[in-house]
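Visitor: Here you go, one structure.
Numbering (the numbering used here), first residue to last: 211 to 328.
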């Protein structure tokens, strides 16, 4: 470090802890910040090993399912079908499907119907 330069470190954004993101094999960036968009490996539904769990977000329960290795178009279509069948809101972020409410059993049965569990 040169004379007169300060090292500015800020940990203000780490309020809930560290988040670990997988690295892209092509460009070496985090998958959420991938510049080549080739970091997402597409797998058929039968080869996915999904985890379904419930977390609290802003005091409300949210059911998470993931990690998915599908394209953006397939993720959007899957999310639309699941939200319509469950009658609730949801989103798809960083390879994880997030559905509002405690719906672990219902989400597991819908994912089995879609072919994601063998």
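Note that CB positions come from ideal geometry on N, CA and C, so glycine has one too.
Does residue 233 pass the burial test, meaning 16 or more other C-beta atoms within 10 Å, or should it be called exposed?
Guide: Its Cβ having fewer than 16 others within 10 Å, residue 233 is exposed.
Visitor: Taking contact to mean 3 or more Cβ pairs, one atom from each stretch, closer than 8 Å, check whether the region 298-318 and the region 266-276 are in contact.
Guide: Touching, per the Cβ criterion.
Visitor: To test your reading of the DSSP string, which unbroken beta strand (DSSP E) runs of 3 or more residues are found completely within the region 239-320?
Guide: Listed in chain order, the complete beta strand (DSSP E) runs (minimum 3 residues) inside the region 239-320 are 261-267, 270-276, 300-303, 306-310.
Visitor: By Cβ distance below 7 Å, which residues in the same chain neighbour residue 295 in space, the five residues on each side in sequence not counted?
Guide: Excluding residues within five positions, the ones whose Cβ falls inside 7 Å are 320.
Visitor: Less than 9 Å separating the beta-carbons of residue 252 and residue 280?
Guide: Cβ distance < 9 Å, so residue 252 and residue 280 count as in contact.
Visitor: Between the C-alpha atoms of residue 315 and residue 240, what's the straight-line distance to the nearest angstrom?
Guide: Whole-angstrom Cα-Cα distance: 32 Å.
Visitor: Taking 9 Å as the threshold (beta carbon to beta carbon), is residue 317 in contact with chain D?
Guide: Looking for chain D here will not work: only one protein chain is present.
Visitor: Spatial neighbours of residue 254 within its chain, please: CB distance less than 6 Å, with the 5 preceding and 5 following residues excluded, ordered by chain position.
Guide: None.
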